[in-house]
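K.L.:
Following numbering that gives the first Met the number 0, the numbering of the sequence shown begins with 0 at its first residue and continues without gaps.
Idealized CB from N, CA, C, for every residue including glycine.
Please read these numbers as outputs of a predicted model, since none were measured by experiment.
So that we are looking at the same thing, I have put the structure below in structure tokens.
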Amino acid sequence: MNSNNSFLLSIEDLTVSFDGFKAVDALNLFIEKDELRVIIGPNGAGKTTVLDMICGKTQPTTGSIKFKNSELVGLPEHQIVRRGVGRKFQTPSIYENLTVFENLEVSYPKGHSVMGCVAFRRTKEVVDRIHEMAEEISLQDYPDIEGAFLSHGQKQWLEIGMLLMQEPELIMLDEPVAGMSPAEREQTAALIQRICKGRCIIVIDHDMEFVSRIAHKVTVLHLGKILAEGSMEEIQRNPKVIDVYLGH
Ligand code: ADP
Ligand code: MG
């Protein structure tokens with residue numbers, strides 16, 4: 000397949016071996032702008048490893064990852080971030096001793112230093128943007144609350160907000176609703192749908208109700224390979240998928 004296309008992200012023939020074991024095996028994955036793709040599959044299928052390779056944390060053995068038609072493989076992680084790729088890990092990594100406002104503030108691209116909250120000039124533009132973001136992630140009533148005092152779900156939203164401050168064009172979320180209450184899951188689904196516009200989002204999750212609510216298209220990984228790809232309805236009635244994953 001030619002990489003000269005309309006896809007925002009084009010992954011071709013991506014493979015990584017750990018001591019001879021292929022955790023991801025000749026993977027092809029193409030994602031369009033405005034698309035919300037969900038990757039599902041049994042534990043150990045290689046889902047997290049795919050995200051690790053996109054963000055530069057793990058070097059593939061072979062293959063190509065093109066984002067906006069330029070190659071990411073071989074770039075250091077910070078350059079991949081700078082090109083517009085944002086990744087949220089499974090456990091929230093907010094600053095527990097900074098407030099919601101300050102967490103968003105240090106994530107603002109120009110305020111990006113460890114001492115950002117001290118050295119940073121609070122221009123009106125920045126403050127407005129932070130308040131907008133707090134509203135987007137349903138934390139508009141808690142700007143002065145320290146991270147440590149937020150609920151698990153609120154911490155996850157704050158981390159998504161921190162990612163969004165950098166306006167990434169590709170966002171990767173690894174199990175964003177794990178440990179959330181049903182109400183928080185619903186709010187997270189709505190948030191992810193809102194932020195999808197103008198970019199693409201890859202979500203890994205196991206909660207099929209959540210997946211069916213957000214997915215434009217679902218990719219099922221199994222043993223490092225694609226077992227099936229299509230709409231949620233197609234995936235749910237695919238006998239191979241039922242056999243290795245949904246049936247359990
Ligand atoms: P998933 O996220 O689908 O549960 P992972 O991508 O975490 O699966 O893991 C896929 C397989 O690759 C697993 O067997 C895991 O043990 C292995 N693996 C992942 N990262 C490494 C690594 N850095 N070194 C060795 N093996 C790894
Ligand atoms: Mg994983």
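Can you tell which of Val176, Gln165, Asp204 and Leu172 has the C-alpha that lies nearest to the C-alpha of Gln153?
P.N.:
Val176
K.L.:
Examine ligand 1 and report whether any of its heavy atoms sits within less than 7 Å of the Cβ of Lys224.
P.N.:
Outside the cutoff, so no.
K.L.:
Using 10 angstroms around the beta-carbon of Thr90, count the other beta-carbons present and answer buried if the total reaches 16, otherwise exposed.
P.N.:
exposed
K.L.:
Please state the DSSP three-state secondary structure of Leu138.
P.N.:
coil
K.L.:
I need the straight-line Cα distance from Asn102 to Ile129, nearest angstrom please.
P.N.:
9 Å
K.L.:
Threshold first: 3 residues or longer. Then list the beta strand (DSSP E) segments lying entirely within the segment 157–240, N to C.
P.N.:
169–173, 199–203, 216–221 and 224–229
K.L.:
Taking the alpha-carbon of Thr218 as reference, which of Val49, Pro108, Lys87 and Ile159 has the nearest alpha-carbon?
P.N.:
Val49
K.L.:
Cα separation between Gly83 and Gly43?
P.N.:
28 Å
K.L.:
Closer than 5 Å between the C-beta and any heavy atom of ligand 1: which residues qualify, listed along the chain?
P.N.:
Taken from the N-terminal end onward, the list reads Phe17, Ala22, Asn42, Gly43, Ala44, Gly45, Lys46, Thr47 and Thr48.
K.L.:
Measuring straight from C-alpha to C-alpha, what distance separates Met179 and Arg121?
P.N.:
33 Å
K.L.:
CB-CB under 6 Å to Val202, same chain, minus the five flanking residues each way: which ones, in chain order?
P.N.:
Val37 and Leu172
K.L.:
How far does the beta strand (DSSP E) with Leu35 in it reach, from first residue to last?
P.N.:
Leu35 to Ile39
K.L.:
If you drop the 5 nearest sequence neighbours on each side, which residues of the same chain put their C-beta closer than 7 Å to that of Ala188?
P.N.:
Phe209, Arg212 and Ile213
K.L.:
I need the straight-line Cα distance from Gly204 to Val125, nearest angstrom please.
P.N.:
The question names Gly, yet the displayed sequence has Asp at residue 204. Computed Cα separation, rounded: 33 Å.
K.L.:
Starting from Arg86, trace the alpha helix (DSSP H) both ways and give me its first and last residue.
P.N.:
Arg86 -> not in any alpha helix (DSSP H); beta strand (DSSP E) instead, spanning Val84 to Lys87.
K.L.:
Express the C-alpha separation of Asp12 and Val117 in angstroms, rounding to a whole number.
P.N.:
Note that Val117 scores a pLDDT of 49, beneath 50, so its modelled location is shaky and nothing firm can be said.
K.L.:
Let me make sure I understand the geometry here. Which of Leu169, Ser63 and Thr57 has the alpha-carbon closest to that of Cys195?
P.N.:
Leu169
K.L.:
Hey, is the segment 66–74 in contact with the segment 152–167, meaning 3+ C-beta pairs nearer than 8 Å?
P.N.:
no
K.L.:
Report the rounded CA-to-CA distance for Leu26 versus Ala227, giving the unit in angstroms.
P.N.:
12 Å
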